[in-house]
Amino acid sequence: MSYVIGVDIGTQSTKALLMSTQGAIIAQASVSYKVEQPRPLWAQQWPDVWLEAVYASVAAAVAQGQVPASEIKAICVSSLYGGSGIPVDADIKPLHPCLIWMDRRANNEVEWVRQHVDLDLLKQISGNGVDSYYGYTKMLWIQRNRPEVWARTRYLLPPNSYVQYHLTGELTVDHSSAGNIGGVYDIQARSWSVPLLQALGIAPDLMPQRLVESSDIVGHLLPDAARRLGLDPGTPVVAGGVDAAMATLAAGVIEPGNHVAMIGTSMCWGYINQSTDAGHGLISMPYVHNGARDLYIFGGAITAGASVSWFRDQFCAQEKQAAGLLQGVDVHELMELEAAKTPAGAQALVFLPYLMGERSPVWDAKASGAYVGLSLFHTKAHMYRAVLEGLAFALRHNMECGQQGAVRLDPELIVVGGAAASDLWMQIIADVTGYPVLTIEQEVEAPLGGAMLAALAIGAIDNLAQVRDWRTLRPRAQPDARNKATYDLMFEQYCNIYQALKPSMHALAQLSQ
Numbered sequence: 001m002s003y004v005i006g007v008d009i010g011t012q013s014t015k016a017l018l019m020s021t022q023g024a025i026i027a028q029a030s031v032s033y034k035v036e037q038p039r040p041l042w043a044q045q046w047p048d049v050w051l052e053a054v055y056a057s058v059a060a061a062v063a064q065g066q067v068p069a070s071e072i073k074a075i076c077v078s079s080l081y082g083g084s085g086i087p088v089d090a091d092i093k094p095l096h097p098c099l100i101w102m103d104r105r106a107n108n109e110v111e112w113v114r115q116h117v118d119l120d121l122l123k124q125i126s127g128n129g130v131d132s133y134y135g136y137t138k139m140l141w142i143q144r145n146r147p148e149v150w151a152r153t154r155y156l157l158p159p160n161s162y163v164q165y166h167l168t169g170e171l172t173v174d175h176s177s178a179g180n181i182g183g184v185y186d187i188q189a190r191s192w193s194v195p196l197l198q199a200l201g202i203a204p205d206l207m208p209q210r211l212v213e214s215s216d217i218v219g220h221l222l223p224d225a226a227r228r229l230g231l232d233p234g235t236p237v238v239a240g241g242v243d244a245a246m247a248t249l250a251a252g253v254i255e256p257g258n259h260v261a262m263i264g265t266s267m268c269w270g271y272i273n274q275s276t277d278a279g280h281g282l283i284s285m286p287y288v289h290n291g292a293r294d295l296y297i298f299g300g301a302i303t304a305g306a307s308v309s310w311f312r313d314q315f316c317a318q319e320k321q322a323a324g325l326l327q328g329v330d331v332h333e334l335m336e337l338e339a340a341k342t343p344a345g346a347q348a349l350v351f352l353p354y355l356m357g358e359r360s361p362v363w364d365a366k367a368s369g370a371y372v373g374l375s376l377f378h379t380k381a382h383m384y385r386a387v388l389e390g391l392a393f394a395l396r397h398n399m400e401c402g403q404q405g406a407v408r409l410d411p412e413l414i415v416v417g418g419a420a421a422s423d424l425w426m427q428i429i430a431d432v433t434g435y436p437v438l439t440i441e442q443e444v445e446a447p448l449g450g451a452m453l454a455a456l457a458i459g460a461i462d463n464l465a466q467v468r469d470w471r472t473l474r475p476r477a478q479p480d481a482r483n484k485a486t487y488d489l490m491f492e493q494y495c496n497i498y499q500a501l502k503p504s505m506h507a508l509a510q511l512s513q
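Residue 184 in the UniProt record's numbering sits at position 184 of the sequence shown, with consecutive numbering throughout.
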């Protein structure tokens with residue numbers, strides 16, 4: 001028997017999954033941590049937090065699985081979108097925290113790009129637009145605001161590339177991570193764009209020159225790394241990619257038209273296509289499977305699960321206390337008990353989930369969260385339901401924009417991530433979007449995608465169509481026509497409210513600075 005490991009470095013935790021190459025889950029482990037947020041709209045992390053979490057989670061999964069190390073044939077490392085990348089010196093030592101995908105500090109750099117770079121050319125070459133979400137604007141922030149760091153920077157590394165270097169001594173970047181940076185990558189040529197790098201004033205040699213497919217073996221475990229992981233030296237390490245695309249792969253998405261919503265800290269709805277148009281307002285990168293041909297086109301809310309966590313931490317102290325006393329009961333189950341009894345539309349209450357600005361299709365770093373329609377009649381249950389509905393509206397907003405560029409979309413929507421634990425949320429999504437909702441029974445997402453790529457890389461499987469049965473899709477919700485009619489009216493207001501409040505949001509953002 002042979003085995004593989006998929007490990008994913010997430011925004012709030014790193015998860016490791018040990019599987020047989022026949023698709024049986026043997027063991028899982030995770031290590032949690034927090035995002036550093038030293039100022040409003042800032043989000044960063046020192047990379048050694050991720051590295052230590054990889055060591056700890058993999059070692060725990062290996063110990064739990066009690067599988068001989070000699071039978072574990074490969075490990076694949078994927079990660080969150082690392083934004084700016086990690087500035088490292090010539091010895092690959094971190095010089096500054098990584099400005100992750102959630103960070104929105106690069107607003108001045110966005111304005112500079114708009115004034116000094118040919119945006120039509122940037123969109124044509126990179127397949128992406130300009131916003132403080134993109135890594136290249138975050139790179140410019142470091143250049144302009146931390147010149148002492150920039151002067152010493154030898155490379156800018158995505159999180160999984162940094163970890164893979166420590167595991168193997170090899171310096172590589174997978175194409176999905178490179179493409180997600182935005183305006184420094186040529187999405188047609190599948191290479192760094194020297195003309196765009198020069199236009200931005202970023203030296204091309206700051207980008208590692210070895211670009212690899214997500215299923216490529218980047219190197220082999222060094223002795224010390226192998227010891228810490230509980231694996232054999234020389235075990236192949238597979239490139240992996242950006243976590244949203246890896247979770248999409250875990251859902252069995254390998255053909256144009258397949259589409260998945262990953263709802264964790266953020267929400268990413270994406271589909272497979274073979275061409276891109278930045279004018280539709282979504283994000284494009286090479287996919288983690290057949291990346292030389294297929295693109296992953298996606299968009300989504302920047303604070304999805306983060307909005308739920310915010311509401312829980314600010315307003316649900318009683319539920320948190322009760323959950324601590326009741327064995328096997330999650331706090332979110334208690335939060336939903338009353339919310340599930342409230343009607344669709346939360347009595348005409350709309351929540352805009354723009355708690356860290358918003359990315360697609362709004363693309364407004366100065367957008368802010370809001371409740372509109374609030375009255376003395378509304379309760380905490382209405383407010384919580386409105387959060388779930390607002391996030392479903394954000395999903396629909398992205399889907400409607402994405403449909404403009406998709407060749408086709410499957411008639412069912414697959415949802416993965418922590419949100420899939422909620423029956424209420426799955427029903428709301430079905431009702432808001434009009435799509436029947438399926439979820440993955442195994443609840444393992446991106447690490448499962450990593451295990452699939454690891455098995456492919458070592459030849460344990462011939463193609464990924466063989467591993468679709470590694471996951472089981474379960475029907476979760478059918479659209480309710482009556483609720484759908486209510487949500488159609490609410491969605492129209494959701495879109496209108498942002499446009500109406502936008503000037504006030506921007507004025508308040510200016511005051512907050």
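Each residue gets a CB set at the ideal place from its N, CA and C atoms; glycine is no exception.
Legend entry - Beta-carbon contacts of Q493 that lie in its chain and below 7 Å, excluding the five residues immediately before and after: V350
Legend entry - M356, buried or exposed, once every other Cβ within 10 Å from all chains shown has been counted against 16: buried
Legend entry - Collapsed DSSP secondary structure at A460 in the structure displayed: coil
Inset, instruction - Give the C-beta separation of L171 and Y165 to the nearest angstrom, bearing in mind that I take them to be a contact with Cβ-Cβ under 8 Å. - result: The C-beta separation of L171 from Y165 comes to about 5 Å, placing the pair in contact by the 8 Å criterion.
Inset, instruction - Determine contact between the stretch 249-267 and the stretch 301-308, defined as no fewer than three beta-carbon pairs at a distance below 8 Å. - result: yes
Legend entry - Outcome for R474 when other beta-carbon atoms lying within 10 angstroms are tallied against a minimum of 16: exposed
Inset, instruction - Spell out a yes or no on whether the stretch 182-197 and the stretch 123-139 are touching, meaning 3 or more CB-CB pairs, one atom from each, closer than 8 Å. - result: A contact exists between the stretch 182-197 and the stretch 123-139.
Inset, instruction - Verify whether the separation of the beta carbon atoms of T14 and Y33 is less than 9 Å. - result: yes
Inset, instruction - Would you list, in sequence order, the uninterrupted beta strand (DSSP E) runs of no fewer than 3 residues that lie entirely inside the stretch 121-197? - result: 155-157
Legend entry - DSSP three-state assignment for M452, whether helix, strand or coil: helix
Inset, instruction - With a threshold of 16 other CB atoms inside 10 Å of the CB of K138, please say whether the residue is buried or exposed. - result: K138 is classed as buried because its beta carbon has at least 16 other beta carbons within 10 Å across all chains shown.
Inset, instruction - Go through the stretch 277-339 residue by residue and report every complete run of the alpha helix (DSSP H) that reaches 4 residues or more, in order. - result: 305-315, 317-325, 331-339
Inset, instruction - Would you mind working out which of N108, V62, I297, A509 sits nearest G279, comparing C-alpha positions? - result: I297
Inset, instruction - In the DSSP assignment, find the alpha helix (DSSP H) that holds S504 and state where it starts and stops. - result: 481-512
Legend entry - Coarse secondary structure for R227, derived from DSSP in three states: helix
Legend entry - Between the CA atoms of T11 and G83 - distance to the nearest angstrom: Taking the straight line joining both Cα atoms gives about 12 Å.
Legend entry - Three-way DSSP call (helix, strand, coil) for Y33 in this model: coil
Inset, instruction - Determine the burial state of D103: buried for a count of at least 16 other Cβ atoms within 10 Å of its Cβ, exposed for fewer. - result: Buried: at least 16 other Cβ atoms inside 10 Å.
Inset, instruction - Could you check if G6 is buried or exposed, using at least 16 other CB atoms within 10 Å of its CB as the buried criterion? - result: buried
Legend entry - Residue of I283, E358, N258, G418 minimising C-alpha distance to D330: For D330, the nearest C-alpha among the options comes from G418.
Inset, instruction - Check the DSSP bridge columns for N273 and list the partner residues they point to. - result: L295
Inset, instruction - Kindly indicate which residue of I202, A322, L334, P159 has the alpha-carbon position closest to the one of Q143. - result: I202
Legend entry - Burial state of H116 (16 or more Cβ within 10 Å): Exposed.
Legend entry - DSSP bridge partner residues for A16 (one or two, in chain order): V7, A29
Inset, instruction - Please classify residue 557: does DSSP put it in a helix, a strand, or coil? - result: Because residue 557 is not part of the residues shown, which for the chain are 1 to 513, the question remains open.
Legend entry - Under 9 Å between C-beta atoms of D8 and A446: yes
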